[in-house]
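Encoded as structure tokens, the structure appears first; notes follow it.
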Amino acid sequence: MSRSFSLADSQTLDDLQVYLARAARIEEGSARLIAGSGLLAVYVAVFYPAGLMDETPTVLGLRTLALQPGADGAPDAFDVVVPVRSLLTRLESAQARAAEPGPITISLPMEVNTVTWAAISPPRGGWHPIGVTATPVLEAAARSGIDEVASAVPSAAGEQIVRRVRSEVWSRPIEGLEHLPAAAGFAALALGFLGADDVRMYETGPWTRLSTQRGHVLVKRKAWTLSR
Numbered sequence: 003m004s005r006s007f008s009l010a011d012s013q014t015l016d017d018l019q020v021y022l023a024r025a026a027r028i029e030e031g032s033a034r035l036i037a038g039s040g041l042l043a044v045y046v047a048v049f050y051p052a053g054l055m056d057e058t059p060t061v062l063g064l065r066t067l068a069l070q071p072g073a074d075g076a077p078d079a080f081d082v083v084v085p086v087r088s089l090l091t092r093l094e095s096a097q098a099r100a101a102e103p104g105p106i107t108i109s110l111p112m113e114v115n116t117v118t119w120a121a122i123s124p125p126r127g128g129w130h131p132i133g134v135t136a137t138p139v140l141e142a143a144a145r146s147g148i149d150e151v152a153s154a155v156p157s158a159a160g161e162q163i164v165r166r167v168r169s170e171v172w173s174r175p176i177e178g179l180e181h182l183p184a185a186a187g188f189a190a191l192a193l194g195f196l197g198a199d200d201v202r203m204y205e206t207g208p209w210t211r212l213s214t215q216r217g218h219v220l221v222k223r224k225a226w227t228l229s230r
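The opening residue of the sequence shown carries number 3 in my numbering; numbering runs sequentially from there.
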């Protein structure tokens, strides 16, 4: 397995760094990196259930970036879960080399083996389109939820209360998109995926994907919520 990966240029490096920095502000946890066929898929968790009784939906962010062949000329191939902060430190170190022409190589941090959400793998294929939605719809759901959480959670609230309030708020369906939780809108806004373009929606099994030019939000729901 490769212990490093190579990005094409400084712009690609900047894109990955901004994406991971946004993810770290949501949750200072881990990222799952899957490399293969010349692409790097970078998954981060925005929401996920803490246990069997937790009704919080699983909501992941995804950015894909082009990879350059490794030093031996072969494409990188790996599937690892690493701490976001450790990866960001390596990206910051790579910035010093970004002025040099050619690919930029980043070494992988030490892996993490106790991240529960990383075992939930969205399908790579089989997606079918189910329509589009406008950016303001998702942004309104996100900002409304942010305001509600801020007003409902006392400053000295314990972790259990905070998690319960967030679960209630972000599990609610988006108005007009009842098959999607408000958490999907929050993920799209917080990760910087919303822009002027419409948001394309796809579905396969219990998964829904929201896609823009900037990235993807993946939502895993209970099977009975799929009816439209």
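We put the beta carbon where it would ideally sit given N, CA and C, even for glycine.
All of these numbers come straight from a predicted model, not from anything done at the bench.
For the 9 Å CB-CB criterion, Arg34 and Val117 form a contact.
No Cβ-Cβ contact shorter than 9 Å links Trp129 with Tyr45. Leu89 is the residue among Ala198, Arg27 and Leu89 whose C-alpha sits nearest the C-alpha of Pro111. Rounded to the nearest whole angstrom, the CA to CA distance from Ala79 to Ala154 is 45 Å.
Going by DSSP, Glu141 is part of the alpha helix (DSSP H) stretching over Thr137 to Ala154. Judged by DSSP in its simplified three-state form, Ala190 adopts helix.
Taking 9 Å as the cut-off, the beta carbon of Leu191 is found no closer than this to the beta carbon of Thr214.
Straight across, the Cα-Cα distance linking Asp16 with Arg5 is about 21 Å.
Annotated three-state conformation of Glu205 is strand, per DSSP.
Apart from sequence neighbours up to five positions away, the residues of its chain that approach Ala120 with a beta-carbon distance below 6 Å are Arg34 and Val83, ordered along the chain. Nearest to Ser39 by C-alpha distance, out of Leu18, Ala68, Gln19 and Ser32, is Ala68. Within the stretch 60-114, the beta strand (DSSP E) runs of at least 3 residues that lie entirely inside it are, in chain order, 60-70, 80-85 and 106-109. Pairing Lys222 with Pro131 gives a Cβ-Cβ distance that is not under 9 Å. DSSP, read as helix, strand or coil, puts Val20 in helix. About 6 Å separates the beta carbon of Gly178 from that of Val139, a gap short enough to meet the 8 Å contact definition. Rounded to the nearest whole angstrom, the C-alpha separation of Glu141 and Leu93 is 29 Å. In summary, Leu41 is exposed, with fewer than 16 beta-carbon neighbours lying within 10 Å of its beta-carbon over all protein chains present.
A Cβ-Cβ contact shorter than 9 Å links Ser8 with Thr107. It is roughly 30 Å from the alpha-carbon of Gln70 to the alpha-carbon of Thr206. Per DSSP, Ile163 lies in no beta strand (DSSP E) segment; the continuous alpha helix (DSSP H) that holds it begins and ends at Glu161 to Ser173.
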